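In this note's numbering, the protein residues as written are 62 to 227.
No residue lacks a Cβ here, since even glycine has one placed at the ideal position from N, Cα and C.
Only a predicted model underlies this, so the values are computations on that prediction, with no experimental measurement involved.
Everything below concerns the one structure shown next.
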Amino acid sequence: MSEHEIPGRVRRAFGDHGSFEQADDGMFESVTTPFDGTVSVATRENGHVEFDVEIRVPMLSAVVADEVAEIVEDGWYETFELRLEDVDGVVAGDHELDPAVRRVADEAVIEATFSDINERRGVDDAGAVIDYVEGTYVEGIIPGYEYTEPVTSILRSARDAAGTGF
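So this is what it looks like as structure tokens:
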């Protein structure tokens, strides 16, 4: 959908939210996560707005300086995928979210689609899904590895916010 096809009410909802910037391709990019979080929108004849949320996060082996055994990577991915099934608990709308999670090269790609008549609630829910994926990713950080970006920045921000120097 091109920018001129996105209703003004939807563009305003994204602009007012503060967590998104509109990209040249008409998609909205999350600016509050180090991961690639995007939302594309389409309007339906019934007035609903469809939100297609996609988040790309690095696989464990892509963010550690050391070698990761395949069995560890597979277990990490399976656990991450299972944790994402609870994403319904973070949205305000009455959506039946069933996120698709798949591995693509050194990334996990998470996709969730829902529609809402209330564009502001839909934008809030899209942001909540992206935040949930980030939080779930952080929960899966395995101690004992030397991490690289963006994990080191996430951990540093968490320590700074907690006021601890651990």
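The stretch 177–186 makes contact with the stretch 151–168: 3 or more CB pairs, one atom from each, lie closer than 8 Å. Taking C-beta atoms as the reference points, Glu90 and Thr104 fail to come closer than 7 Å.
Boundaries of the beta strand (DSSP E) harbouring Asp177: Glu168 to Asp177, taken from the DSSP string.
If you keep only unbroken beta strand (DSSP E) runs of at least 3 residues inside the stretch 122–175, you get 161–165.
Counting C-beta atoms within 10 angstroms of its own C-beta, Ile215 has 16 or more neighbours from the protein chains shown and is therefore classed as buried.
For the pair Gly201 and Trp137, the CB atoms are nearer than the 7 Å cut-off. Residue pairing of Asp86 in beta bridges, as defined by DSSP: absent, with no partner found. Only residues of its own chain outside the window of five on either side were considered, and among them Gly201 have a CB closer than 8 Å to the CB of Thr140, listed in chain order.
Note that the C-beta distance between Phe96 and Ile116 is below 7 Å.
Beta-bridge annotation (DSSP): Pro211 is not paired with any residue.
DSSP places Ile191 in the uninterrupted alpha helix (DSSP H) bounded by Glu180 to Glu200. Taking Glu82 as the centre and dropping the five residues before and after it, the same chain places the C-beta of Glu90 and Val92 closer than 6 Å to its C-beta, in chain order. The C-beta separation of Glu210 from Val125 comes to about 11 Å, leaving the pair out of contact by the 8 Å criterion.
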